[in-house]
Every structure is written in C-alpha cells, then in structure tokens.
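Here the structure is laid out as structure tokens; the discussion comes afterwards.
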Amino acid sequence: MSFEEFQNCARLYVIGALEPEELQDFEAARKQYGPAAEDFINQCYGLHEAFALSLKPAKASNAIKDKLMSMVRERGQGQSGPRSA
Amino acid sequence: MTSAVDREPGAPSDVDLMLGIQSGDADALSQLYDRYSGIMKALILRIIHNETEADDLLQEVFMEIWNQAKNFSAEKGKALGWMVTLTRRRAIDALRKKQAYARAEERLQAEPERQPLAWVENATEKDIEAGDTRVLMAKVINSLPEAQQQVIELAFFQGMSQREIAFHTNVPLGTVKTRLELGLKKIYEGLKELRDEL
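Protein sequences appear in the order of chains U and Z.
In this text, residue positions in the first sequence follow my numbering: the first is 1029, and each later residue adds one.
In this text, residue positions in the second sequence follow my numbering: the first is 10, and each later residue adds one.
If you want it as structure tokens, here you go:
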C-alpha cells in the first residue's frame, strides 16, 4: 500500500468506515510507515472536530447541567476526583 | 488555537479545563459544559434525532468526560476532538441499542433534501471574512458534491459501514468508497488550511 493509499484508508479508519477486510492491510501499512503513520492518524482525528464544528450549536438545557453538576458534586464528596479505571 | 470556540479574554483554555477536571475540579466541568454543550448536543441530535434522548445522552456524555478525563492527553490531540469522538461513539451506540436505527432512517428518507443543507447555515461572505470556524467548516463541507456529502453523512452521523451505505443508497460499494475517500480528503485539506490560517 502506498502512503497515499494509507492516507485514504486512515481517513476512513478514524470515522469507523473501514471494512473488516480492509483493516488487515491498513494495520500492516500502519506498521510499515511507523511514526509517520501514527502522526497522520492523529491528524485525521481532527475530522471529528471539523464535523462537530460545522453544526449549528443546539440549545442545551440548564436543568441537565444542574443535574449533572449535582451528580458530580455528590460523587466528589465521596472521592477526591474523577473515578479511577 | 487553544479553544475551538470563542471565549472571553482571560478564560481558561480547553486544556486548562481538562487538567482541572483531571484534578477533580467540578467548576472546570461546569465551564467546559458552558463552552461545548451546544456543539455536543447538536452532534447528538444529528445522530439520534430526538430532543429528550439527546438531553439524557448529553448528561451521560459529560458525566463520562468527568469520569474518563484521566484518559485525555493534550499531547495526543485536542480536547474538543477527544470529546467529539466520545460523544459520537456514545450517540451511535445509543442509536443502535434503542433500535431507533430504522426510525431515524425513515426520518432521513422523509427529509432527503434537508440533510446536506443542514450542515450549512447560510454562510455569507461577511461570516467568512469574520473567520467563524463553524461557517468556514460548513463551507468546506458544502463545497462537496451532494453524493459525497450524502455518504459522509451516513458514515459519520449514522455510523454506517461502506456496505450499509451501498445497500441504503443502492450505489455500488466501490463508488461509495471512492466518494467517501474524495470527500474526506477535501474536508481534511480544508481543516488543515483553516488550522494553518489560525
């Protein structure tokens, strides 16, 4: 697989659109191209951000936020921060 | 660019907020919610098409951000990208778990004209000159041929595989792949240009 073909596959990979039979070749090329491949894949994750930023923000409910913060603060009283794995 | 949305001068960056959350600062989560809940909800709504479910899922997503913040590393990527990846995954999972897939598909079929256009909120030259990130990204996406927009919509916002898209659109698998590759490449290049400018 050429690096250009790898780049095409990487853009499909990050949005989960690579078919199972394409994954094996993609992973082989990923190993072959090493750090350059990893850098490119990381850059491709910016596509997620791009799609989200293209949407007009929706009105988020204050009640949801109040409930969320109440849950977080309740949990926070029993532990010092976000849950450990 | 330290934050993908406009923020007040002196306001903490996204990374600062993520670091705050990692150390258990609930106020940091509150600020992150104020900054990004609108974008996250829009993304969830785009996937599950249901206001009540979107609100519930938005709360779950921010709870997950609180719980999983330790997995975020600024060296590996931006906070918004990390949150969007998490949100999209949860929304697509919810779509499938609740077996709402068929209903959403019916809605998509009922509104075939609205979907690509919903990406673009009438970007004017004035908006573009103002450098609004959302408008610029929408413009890049809108510049794609409709067929490419459609396959990207189905892959990204509906979580469909290439085969599912081919079945859904009655288009050969090879054509779906080509359209996806070309469309994503153009968006990727648009994003890169935008980042270089900022």
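Built from N, CA and C at the ideal position, the CB exists for glycine as well.
Got a sec: which bits of the segment 139-160 of chain Z sit with their beta carbon under 7 Å from any beta carbon on chain U, in order along the chain? T142, R143, M146, A147 and I150
Determine, for G1062(U), whether the minimum Cβ-Cβ distance to residues of chain Z falls below 8 Å. Here residue 1062(U) corresponds to residue number 34 of the first sequence, with the count starting at 1. For G1062(U), the answer is no, since every Cβ of chain Z falls outside 8 Å of its Cβ.
Any beta-carbon of chain Z closer than 8 Å to the one on R1039(U)? Here residue 1039(U) is taken as the residue at index 11 of the first sequence, counted from 1. Closer than 8 Å: yes.
Please decide whether I1069(U) counts as near chain Z, where near means a Cβ-Cβ distance under 8 Å. Here residue 1069(U) corresponds to residue number 41 of the first sequence, with the count starting at 1. Residue-level contact by beta carbon fails for I1069(U) and chain Z, as no gap is shorter than 8 Å.
Which same chain residues end up closer than 8 Å to I137(Z) when comparing Cβ atoms and leaving out the 5 residues on each side of it in sequence? The residue given as residue 137(Z) occupies position 128 in the second sequence. Caution is warranted here: a pLDDT of 45 is assigned to I137(Z), below 50, making its placement in the model unreliable, and the coordinate value is therefore given only provisionally. Around I137(Z), the same chain offers V144, L145 and K148 as residues with beta carbons nearer than 8 Å, after the five sequence neighbours per side are excluded.
Cα separation between A164(Z) and E1055(U)? For the purposes of this step, residue 164(Z) is taken as the residue at position 155 of the second sequence. For the purposes of this step, residue 1055(U) is taken as the residue at position 27 of the first sequence. Looking at the two C-alpha atoms, the distance is approximately 21 Å.
Report the neighbours of F1079(U) on chain Z: residues whose CB is nearer than 7 Å to its CB, in chain order. Walking along the first sequence from the start, residue 1079(U) turns up at place 51. Per Cβ cutoff of 7 Å: F165.
Pairwise C-alpha distance: G192(Z) and L153(Z): Sequence index remark: in the second sequence, residue 153(Z) carries index 144 (1-based). Sequence index remark: in the second sequence, residue 192(Z) carries index 183 (1-based). Cα to Cα, the separation comes out at about 7 Å.
Please list, in chain order, the residues of the segment 76-105 of chain Z that have any C-beta partner in chain U closer than 9 Å. N76, Q77, A78, K79, N80, K85, G86, K87, L89, G90, W91, M92, V93, T94, T96, R97, R98 and I101
By the DSSP assignment, the alpha helix (DSSP H) with K79(Z) in it spans what residues? Indexing the second sequence from 1 puts residue 79(Z) at position 70. From DSSP, K79(Z) is part of no alpha helix (DSSP H); its letter is neither H nor E.
Looking at the structure shown, is S152(Z) part of a helix, part of a strand, or coil, going by DSSP? Here the question's residue 152(Z) lines up with position 143 in the second sequence. Residue state, collapsed to three classes: coil.
Buried or exposed: where does A218(Z) fall if 16 or more other Cβ atoms within 10 Å of its Cβ makes it buried? The structure shown has nothing for residue 218(Z), since chain Z only spans 10 to 207.
Listing by chain order, which chain Z residues have their CB less than 7 Å from the CB of M1029(U)? For this step, residue 1029(U) is matched to residue 1 along the first sequence. The premise fails here: M1029(U) is roughly 13 Å from chain Z at the closest Cβ pair, so nothing lies under 7 Å.
Kindly list the residues whose CB is nearer than 8 Å to the CB of R105(Z), restricted to its own chain and excluding five residues on each side of it in sequence; keep chain order. Along the second sequence, read from residue 1 onward, the residue named residue 105(Z) stands at position 96. Taken in chain order, the residues that qualify are G168.
State the start and end residues of the unbroken alpha helix (DSSP H) segment that holds Y45(Z). In the second sequence, residue 45(Z) corresponds to position 36, counting from 1. Segment A35 to I57, the alpha helix (DSSP H) holding Y45(Z).
List, in order along the chain, the chain U residues whose C-beta lies closer than 7 Å to that of L54(Z)? Locating residue 54(Z) in the second sequence gives position 45, counting from the first residue. Ordered by position in chain U, the residues that pass the 7 Å Cβ test against L54(Z) are A1086.
Does I1043(U) come out as helix, strand or coil in the three-state DSSP assignment? As a position in the first sequence, residue 1043(U) is number 15, starting the count at 1. Here I1043(U) sits in coil by DSSP.
Which residues in chain Z sit within 7 Å of R1101(U), going by Cβ to Cβ distance? The residue you call residue 1101(U) lines up with position 73 of the first sequence. Those are A35, listed as they occur along chain Z.
Check whether the Cβ atoms of E1047(U) and S170(Z) sit closer than 8 Å, and answer yes or no. Sequence index remark: in the first sequence, residue 1047(U) carries index 19 (1-based). Sequence index remark: in the second sequence, residue 170(Z) carries index 161 (1-based). Yes, the pair counts as a contact, with Cβ atoms nearer than the cut-off.
Quick one: list the residues of chain U neighbouring F71(Z), beta-carbon separation under 7 Å, in chain order. What you label residue 71(Z) is simply residue 62 of the second sequence in a count that begins at 1. Within chain U, the residues near F71(Z) are L1096.
I need the DSSP call for E1102(U), collapsed to helix, strand or coil. Along the first sequence, one-based indexing puts residue 1102(U) at 74. If DSSP states are grouped into helix, strand and coil, E1102(U) belongs with the helices.
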